[in-house]
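Inspection log for the structure reproduced underneath, given as structure tokens.
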Amino acid sequence: MASETAAGRNFVHRIVEEHNASGRFGGEVVTRFPPEPNGYLHVGHVKAIALDFGTAEAYGGRCHLRFDDTNPSKENDEYVDAIQRDVRWLGFDWGKHLYFASDHFEQLYELARQLIRDGHAYVCELSPEEIGEYRGQPTRPGRPSPWRERPPEESLDLFARMRAGEFPDGSRTLRARIDVDSPNMNLRDPVLYRIQHVRHHRTGDAWPIYPMYDFTHPLSDSIEGVTHSLCSLEFENHRPLYDWVLDRLGVHHPQQIEFGRLNLEYTLMSKRKLGELVASGQVDGWDDPRLPTISGLRRRGFTPASVRAFVERVGMGRKDDATVEWALLEHCAREDLNRTSQRALAVLDPLRVVLTNYPEDQVEHFELANNPEDASAGTRSVPFGRELFIERDDFREDPPHKFFRLAPGREVRLRGAYLVTCQEVVRDADGSVVELRCSYDPETRGGDAPDGRKVKGTLHWVSAAHALDAEVRLYDKLFSHPRPEDAEVDWRQAIDPASLEARRGCKLEPSLAKAKPGDRFQFERLGYFCVDPGSAPGAPVFNRTVTLRDTWAKLAARGEKRS
RNA sequence: UGGGGCGUGGCCAAGUGGUAAGGCAACGGGCUUUGAACCCGUGGAUCGCAGGUUCGAAUCCUGCCGCCCCAGCCA
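When you number the first sequence by my numbering, it's gap-free, plus one each residue, and the end is 649.
Set out below in structure tokens:
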């Protein structure tokens with residue numbers, strides 16, 4: 087849709103359009119999403135994924151999924167699988183265009199030989215430390231390696247022997263011959279190949295040498311026919327090198343374009359750091375619902391549409407320190423979940439209510455709407471009886487101003503059922519409230535009073551005799567600091583203990599017994615919840631995705647500040 | 001203090017010489033058998049600062065300030 091394209095237009099699209107207008111790539115648009123399989127994807131990647139796939143789709147092109155697997159010591163198949171699962175879950179399809187940089191190793195090796203032959207690369211025998219010293223400082227020029235002027239034939243021979251596995255790790259490298267005192271550090275004769283006698287997750291022991299990112303990336307793009315190579319801002323300094331490699335070799339030359347990466351308040355957006363949290367056991371795996379990983383968001387109950395809408399609303403910019411507020415993510419979740427999730431009644435902190443004038447063994451069933459936003463969702467039958475549970479928060483002995491829930495002598499509506507009035511408060515020996523004895527008005531079946539009297543409060547409830555016991559996990563922000571990396575405390579120690587509150591003994595309406603892992607619901611008046619993958623028929627577990635907006639909580643907080 | 005970038009309301013972000021979109025947040029009000037959703041409305045930006053060019057500058061020029069990236073045989 088033209089209007090949609092216009093609305094979602096950003097500076098990257100504008101550049102693509104200029105290329106299309108000038109015929110630079112013959113109107114072709116080929117992009118790629120190039121993750122390294124060394125961890126799980128997070129929301130930051132969703133922004134890149136949506137840009138890569140979205141741009142290709144908007145201009146009738148295609149987007150490849152390519153694993154940038156050039157560092158075998160950090161990569162493995164678990165990550166390859168997880169990444170594919172996550173990208174698919176988001177709703178993107180790379181078709182037959184699945185690639186691995188390692189698929190190109192042989193070709194890359196030949197191209198490296200060409201570079202050597204043409205005098206653009208040489209085998210260097212400096213140690214890692216020495217290379218660092220020779221490279222100099224950003225403000226100080228570097229010095230040429232003593233091996234820089236080595237004849238191509240000699241380098242060619244050495245390079246072949248590197249491949250043959252004759253040399254130990256770290257003893258030699260293949261380096262680009264560019265400019266040892268360029269103000270751009272990346273151009274000071276960067277390493278192109280290093281020796282690593284490490285088994286690769288795909289090529290096994292075939293290679294004792296592996297190409298570096300700066301050599302592999304532009305050539306993989308080129309080999310695959312990519313036209314627009316979109317990456318984040320920190321690679322801007324690498325673009326001259328990207329261009330150099332392609333120009334020296336005289337191959338198809340895509341355009342690299344950089345954009346600002348996404349940061350989110352109260353969390354971390356770094357595969358490495360997230361990996362540390364996972365490894366240390368501080369969170370329950372890469373899919374812990376508190377993590378900003380795609381797997382975590384999924385387990386938390388976010389929908390693919392809501393996550394995509396989120397990155398879409400954030401927009402595309404070139405600001406590198408932009409940090410988006412949590413509220414926007416929550417908004418996007420509620421917006422989608424509100425129109426798609428089934429409603430249910432659930433009590434998280436149960437308080438027993440006995441309807442003293444309700445017949446002992448009577449059970450009634452009420453038809454409640456599954457989704458008021460969607461009539462086609464139908465209704466379900468919910469049992470009602472003499473003994474019920476309501477939310478402890480919904481009763482106050484000494485109700486504050488504007489509290490219009492239950493209190494001694496007050497009448498409220500039990501959603502879809504009856505109007506009830508609190509007659510008596512029962513306490514235990516410690517004086518805490520353990521039960522409410524209420525009367526119900528038989529004339530108000532369904533929740534409306536025939537005399538037209540209004541009740542301001544409507545409460546959710548669950549029949550005690552039919553209630554399903556469940557564990558409900560309430561999640562909050564992982565860190566209490568909006569920018570955990572800037573906190574006084576080391577981020578490793580800064581996880582907010584309140585970020586997970588597991589509540590047992592929650593009472594659910596019986597229809598929820600049929601819920602399967604991954605199913606999402608709105609627990610009325612509480613929020614959106616999703617069945618955890620670890621949930622079992624006898625022991626249901628629900629994760630809270632996000633609360634409903636809560637104006638009363640806001641009012642109550644204001645009141646507390648005053649007093 | 002070398003190079004490359006960025007600075008538009010609380011948070012994102014349009015706009016690229018013609019007199020500051022939009023979203024989120026905030027704050028009012030309406031409606032309501034979810035204090036939700038929905039609807040209506042309000043406030044807020046001297047466009048980092050200072051000069052200059054121009055009839056006219058967020059947009060062009062100069063200087064300054066602040067923030068981010070680069071010294072892996074990581075990506």
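Glycine included, each C-beta is placed from N, C-alpha and C at the ideal position.
Check for me: the beta strand (DSSP E) holding P570 runs from which residue to which? Per DSSP, P570 belongs to no beta strand (DSSP E) and is neither H nor E.
In the structure shown, what three-state DSSP assignment does Q579 receive? helix
Count the other CB atoms, across all protein chains shown, that sit within 10 Å of the CB of M87; report buried if there are 16 or more and exposed otherwise. With a pLDDT of only 30 at M87, under 50, the local geometry of the prediction cannot be trusted, and no value is derived from it.
Using the Cα positions of R501 and R148, report the straight-line distance between them to the nearest angstrom. 51 Å
What number of angstroms, rounded off, separates the C-alpha of A262 from the C-alpha of R100? So the two alpha carbons sit approximately 34 Å from each other.
Nearest to V209 by alpha carbon, out of R249, L319, P486 and A493? R249
With L423 and L350 assumed to form a contact (beta carbons below 8 Å), what rounded beta-carbon distance in angstroms separates them? That pair is no contact at about 19 Å.
Where W638 falls, given that 16 or more other Cβ within 10 Å makes a residue buried: exposed
Skipping 5 residues on each side, what residues in its chain have a beta carbon closer than 6 Å to that of L211? The question names Leu, but residue 211 is Glu in the sequence shown. Counting only Cβ-Cβ distances below 6 Å, and skipping sequence neighbours, we find W233 and R258.
Is G533 closer than 9 Å to Y504 when the C-beta atoms are compared? By the CB criterion at 9 Å, Y504 and G533 fall inside the cutoff.
Residue burial classification, G146 (beta-carbon count within 10 angstroms, cutoff 16): Its Cβ having fewer than 16 others within 10 Å, G146 is exposed.
Alpha carbon to alpha carbon, how far is G112 from S308? Give it in angstroms, no decimals. Distance between the alpha carbons of S308 and G112 is about 15 Å.
DSSP puts T409 in a beta bridge; with which residues? N349
If A551 sits next to E473, beta carbons under 8 Å apart, how far is it from one beta carbon to the other, in whole angstroms? 6 Å
Give the C-beta separation of K563 and V400 to the nearest angstrom, bearing in mind that I take them to be a contact with Cβ-Cβ under 8 Å. 18 Å between Cβ atoms; not a contact.
Assuming contact is defined by CB atoms lying nearer than 9 Å, are D435 and R478 in contact in what I supplied? yes
On the DSSP bridge assignment, give the partners of E344 in chain order. C317
Spatial neighbours of H283 within its chain, please: CB distance less than 8 Å, with the 5 preceding and 5 following residues excluded, ordered by chain position. G251, P254, D255 and P294
Taking V617 as the reference, which of L634, V511, A430 and E510 has the closest Cα? A430
Check K593 in the structure and name its three-state DSSP category. strand
Helix or strand or just coil, what does DSSP make of E557? strand
Quick one: what's got a C-beta closer than 7 Å to D124's C-beta in the same chain, skipping five residues either side? It should be noted that the sequence gives Asn, not Asp, for residue 124. So the qualifying residues of the chain are K160, E161, Y165 and K357.
Which same chain residues, not among the five before or five after N629, have their C-beta less than 7 Å away from its C-beta? P375, R385, R386, G387, R559, Y561, F615, C616 and D618
Would you identify the three-state DSSP class for A88, choosing helix, strand or coil? Low confidence applies to A88: its pLDDT is 31, below 50, so where it sits in the model is not reliable, and the reading given next is rough at best. Here A88 sits in helix by DSSP.
What number of angstroms, rounded off, separates the C-alpha of G367 from the C-alpha of C592? 27 Å
Have a look at A246 and E104 and give me their C-alpha separation to the nearest angstrom. 44 Å
Select from G517, F490, T631 and L522 the residue whose C-alpha is nearest the C-alpha of L64. Look at the range of the chain in this structure, 87 to 649, and you will see that residue 64 is not part of it.
Nearest candidate by alpha-carbon position, reference L634, set P494, R590, D605 and A413: A413
Using C-beta distances below 7 Å, list every residue in its chain close to E646, excluding the 5 sequence neighbours before and after it, in chain order. none
Any contact between the region 216 to 232 and the region 319 to 327? By contact I mean 3 or more CB pairs, one from each, below 8 Å. Using a C-beta cut-off of 8 Å, the region 216 to 232 makes no contact with the region 319 to 327, since fewer than three inter-stretch Cβ pairs fall below that distance.
My output table needs one value for T544: the three-state DSSP class, helix, strand or coil. DSSP, read as helix, strand or coil, puts T544 in strand.
Can you tell me where the beta strand (DSSP E) holding L500 begins and where it ends? E497 to L500
In terms of DSSP beta bridges, what is R152 paired with? Y185
Output the distance between the C-alpha atoms of P596 and A461, rounded to the nearest integer angstrom. Their Cα atoms are separated by approximately 22 Å.
When DSSP labels each residue in this structure, what does A93 get in the three-state scheme? Residue placement at A93 is flagged as unreliable, the pLDDT there being 48, under the threshold of 50; the coordinate-derived value follows with that caveat. Three-state result, A93: helix.
Starting from T117, follow the beta strand (DSSP E) in both directions and report where the run begins and ends. V116 to F119
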